[in-house]
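In UniProt numbering, the protein residues as written are 1 to 603. Note that the Cβ used here is the ideal one computed from N, Cα and C, for glycine as well.
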């Protein structure tokens, strides 16, 4: 074939979603080094968790792939924060690692609109007509209208085992040696980041009787609404570090490339190595670790929370210092990987390079961490690349729409100085953008973008019509002098309790019943959050001319410094400044309200 509308470089979670999304519009090329590594889970074999499950539910509602793969290969499923409110409840799905990659390959390699190309990208050249040529190391010149670079941790990747390093993108895989050069040549500022992964331990060498077992939920849930056939088949476990673990680390910090200064890259604050935990939190005498299987008939377990760059001989001693791991045999040692990333401030909200129109970047190349963050970016970049190639009007997903909107907004307007991880605390109006209502929020957007067909949109609309019917039924019936919805708002009551009083509901699915219960129980909080969101929308154009930020005591120290330096003219501009949080914007609005007549709108 002489050319494609979209060519995707990389077959990790970002590349998969980019190719999957773009293939809904036209034929796509997927350029990968080794087809056997497509869909691999190089870190923990799991999808979801706080802040991340919301991304996957939104991906699913937009027509993405990750939720489907996760459900089909699930072996352990739990809803985290189940005792808390719906705004922070998060699904986490443990997966059979090899099955996940195999299923991803089945879907992608069998797709009629995706052409698999094997090779390494050596250069990106403009074709002079608004398109691009991807030049491979073997001399091929692959033409595409748009290109999505989803290189993960591979751009000039270097892995570290103690103070020994080798050129790798991840364990056993060669790096992307040349992709950094065309990006830098175009003017992109490249930064150096670092991440890591824990050791994998032979399961038959672990004394599971010494570990705390964490069972799967008896009634498993799924991202697609249909949990996989083995979603409750395996437990996970928990252990912890000991005084011996901490002693070994403190006495051998000179063996760590991070502490010896060998690694230049910036590491993730919210997923630190075990060395970082012991040093930074010296007042803790133990750190919890999660023991996760890589399959039902597991040969390996993954020590979540134990990433390290210490040398193998020390890793052996460290792992054997853990309860239940006294006779442990490490099959794959932990390592750190250092790699190039682009400055995400140089991208549009659709992750298109401002310096190379038609080139999009997605995943860890943009300075993020995590499968879920990568997949979300892949879908956005793949969709935008395909629409651009076809000459369709550009469309953006805003911050107010949900977690994907927040992810894009923060990358593009605030940037990152370390691997970015999505968390519920980053989302101001999380009660409005829960995982349970992701389909209601995002499926219409997916349909408008061309990712979701009319049948699926109609199914979601019919679902929420039934939900509204259930709420109306509660509001229209009384029991013992109170309406059904009033009974349901009592903290100790659930839908079955209300029905036991004689209130009847139309036939609803479990998901629809949950939606009715959440909307009724949290109706007051939801209305308040919606009112706050409307007020914030109205305030975006308020003028900040003449404001002395240093005199607003309610601002954080960082916000006072950043605002004073940038001198934004409007509240909207202030909200885009890195280091200025939602609480700081609220403080500005209070200050403007107190000034009263001085408040004016930017024209």
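For residue 221 and residue 318, which I take to be in contact (beta-carbon distance under 8 Å), what is that distance rounded to the nearest angstrom?
In the chain shown, counting from the first residue as 1, residue 221 sits at position 221. In the chain shown, counting from the first residue as 1, residue 318 sits at position 318. 36 Å between Cβ atoms; not a contact.
What's the gap between the Cα of residue 206 and the Cα of residue 215?
Against the chain shown, residue 206 aligns to sequence position 206. Against the chain shown, residue 215 aligns to sequence position 215. If I take the Cα positions, the gap works out to 18 Å.
Confirm, please, whether the CB-CB distance from residue 116 to residue 23 is below 7 Å.
Position 23 of the chain shown, counted from the start, is the residue given in the question as residue 23. Position 116 of the chain shown, counted from the start, is the residue given in the question as residue 116. Contact flag unset, no.
When DSSP labels each residue in this structure, what does residue 480 get in the three-state scheme?
Residue mapping note: residue 480 aligns to position 480 of the chain shown, counting from 1. Of the three classes helix, strand and coil, the one that applies to residue 480 here is coil, per DSSP.
Name the DSSP beta bridge partners of residue 290, please?
The sequence position of residue 290 within the chain shown is 290, counting from 1. Per DSSP, 238, 304.
Where do the ends of the beta strand (DSSP E) carrying residue 193 lie?
The count along the chain shown starts at 1 and reaches residue 193 at position 193. Counting along the chain, the beta strand (DSSP E) containing residue 193 begins and ends at 190-197.
Contact check, residue 365 vs residue 342 under 8 Å by CB: the rounded distance?
Reading the chain shown from its first residue, position 365 is the one you call residue 365. Reading the chain shown from its first residue, position 342 is the one you call residue 342. Rounded, the Cβ-Cβ distance is 6 Å, consistent with contact.
How long is the line joining the alpha carbons of residue 580 and residue 192, rounded to whole angstroms?
For this step, residue 580 is matched to residue 580 along the chain shown. For this step, residue 192 is matched to residue 192 along the chain shown. Going from the Cα of residue 580 to the Cα of residue 192 covers about 24 Å.
Considering only the alpha carbon of each residue, which of 460, 301, 21 lies closest to residue 107?
Position 107 of the chain shown, counted from the start, is the residue given in the question as residue 107. Answer by Cα proximity: 21.
Can you tell me which of the three DSSP states residue 106 falls into?
Here residue 106 is taken as the residue at index 106 of the chain shown, counted from 1. Helix.
Where does residue 331 fall in DSSP's three states?
Taking the chain shown and counting its residues from 1, one reaches residue 331 at position 331. Note: residue 331 maps to strand in three-state DSSP.
By Cβ distance below 7 Å, which residues in the same chain neighbour residue 449 in space, the five residues on each side in sequence not counted?
Mapped onto the chain shown, residue 449 falls at position 449. 383, 395.
Below 8 Å CB to CB, which residues in the same chain sit around residue 250 once its five sequence neighbours on both sides are set aside?
Residue mapping note: residue 250 aligns to position 250 of the chain shown, counting from 1. So the qualifying residues of the chain are 278, 279.
May I ask which residues mark the beginning and end of the beta strand (DSSP E) holding residue 165?
One-based indexing of the chain shown puts residue 165 at position 165. Start and end: 164-167.
Is it the case that the Cβ atoms of residue 529 and residue 431 are separated by a distance below 7 Å?
Counted from its first residue, the chain shown places residue 529 at position 529. Counted from its first residue, the chain shown places residue 431 at position 431. Their beta carbons are under 7 Å apart, which means residue 529 touches residue 431 by this criterion.
Do you know how far the Cα of residue 188 is from the Cα of residue 101?
For the purposes of this step, residue 101 is taken as the residue at position 101 of the chain shown. For the purposes of this step, residue 188 is taken as the residue at position 188 of the chain shown. Using only the alpha carbons, I get a separation of about 32 Å.
If contact is defined by three or more beta carbon pairs under 8 Å, each pair taking one atom from either stretch, is the region 413-433 in contact with the region 460-480?
no
Indicate the three-state DSSP secondary structure (helix, strand or coil) for residue 446 in the structure shown.
Residue numbering aside, residue 446 sits at position 446 when the chain shown is read from its first letter. Helix, per DSSP.
Count the CB pairs spanning the region 371-388 and the region 146-158 that are closer than 8 Å, and state whether there are at least three.
Contact between the region 371-388 and the region 146-158 is established, with three or more Cβ pairs separated by less than 8 Å.
Whole angstroms is fine: what's the gap from residue 599's alpha carbon to residue 554's?
Within the chain shown, numbered from 1, the residue matching residue 599 stands at position 599. Within the chain shown, numbered from 1, the residue matching residue 554 stands at position 554. With a pLDDT of 45 at residue 599, under the threshold of 50, the predicted position of this residue should be treated as unreliable, though the coordinate-derived value follows. In a straight line, the C-alpha of residue 599 is about 18 Å away from that of residue 554.
Can you grab the Cα-Cα spacing for the pair residue 514 / residue 129, in whole Å?
As a working note, residue 514 is residue 514 in the chain shown. As a working note, residue 129 is residue 129 in the chain shown. Cα-Cα distance, rounded: 53 Å.
Excluding the five sequence neighbours on either side, which residues of its own chain have a C-beta within less than 8 Å of the C-beta of residue 104, listed in chain order?
Position 104 of the chain shown, counted from the first residue, corresponds to residue 104. Once the five neighbours on either side are set aside, the close Cβ partners of residue 104 are 16, 38, 39, 65, 69.
Could you tell me which residues DSSP pairs with residue 3 in its beta bridges?
What you label residue 3 is simply residue 3 of the chain shown in a count that begins at 1. Paired residues: 143.
Can the beta-carbon of residue 30 be found closer than 7 Å to that of residue 134?
Here residue 30 corresponds to residue number 30 of the chain shown, with the count starting at 1. Here residue 134 corresponds to residue number 134 of the chain shown, with the count starting at 1. No, the Cβ-Cβ distance between residue 30 and residue 134 is not below 7 Å.
Here's a check: name, in chain order, each residue in its chain whose Cβ is nearer than 6 Å to the Cβ of residue 501, leaving out the five neighbours to either side.
Position 501 of the chain shown, counted from the start, is the residue given in the question as residue 501. Counting only Cβ-Cβ distances below 6 Å, and skipping sequence neighbours, we find 479.
Between which two residues does the beta strand (DSSP E) carrying residue 95 extend?
Residue numbering aside, residue 95 sits at position 95 when the chain shown is read from its first letter. Residue 95 -> beta strand (DSSP E) spans 90-95.
Count Cβ pairs between the region 224-235 and the region 303-311 that sit closer than 8 Å; are there 3 or more?
no
If we require 3 or more residues per run, which beta strand (DSSP E) segments fall completely within the region 208-234?
212-214
Can you grab the Cα-Cα spacing for the pair residue 533 / residue 583, in whole Å?
Along the chain shown, one-based indexing puts residue 533 at 533. Along the chain shown, one-based indexing puts residue 583 at 583. Looking at the two C-alpha atoms, the distance is approximately 14 Å.
Jot down the residue ranges of each uninterrupted alpha helix (DSSP H) in the region 411-469, minimum 4 residues, whole runs only, in chain order.
438-449
May I ask you to report which of helix, strand or coil DSSP gives residue 356?
Position 356 of the chain shown, counted from the first residue, corresponds to residue 356. Residue state, collapsed to three classes: coil.
Can you tell me whether residue 40 sits near the ligand HEM, meaning its C-beta is under 6 Å from at least one heavy atom of the ligand?
Ligands in the displayed structure: none, and consequently the ligand HEM is not present.
In the DSSP assignment, find the unbroken beta strand (DSSP E) run with residue 77 in it and report its ends.
Residue 77 sits at position 77 when you count from the first residue of the chain shown. Here the beta strand (DSSP E) through residue 77 covers 74-80.
Given a threshold of 16 other Cβ atoms within 10 Å of its Cβ, counted over all protein chains shown, does residue 204 qualify as buried or as exposed?
Position 204 of the chain shown, counted from the start, is the residue given in the question as residue 204. Flag for residue 204 reads exposed.
Strictly by DSSP, which residues pair up with residue 585?
Mapped onto the chain shown, residue 585 falls at position 585. Its beta-bridge partners do not exist; DSSP assigns none.
Is the separation between the beta-carbon of residue 315 and that of residue 199 shorter than 7 Å?
For this step, residue 315 is matched to residue 315 along the chain shown. For this step, residue 199 is matched to residue 199 along the chain shown. Yes. Within cutoff.
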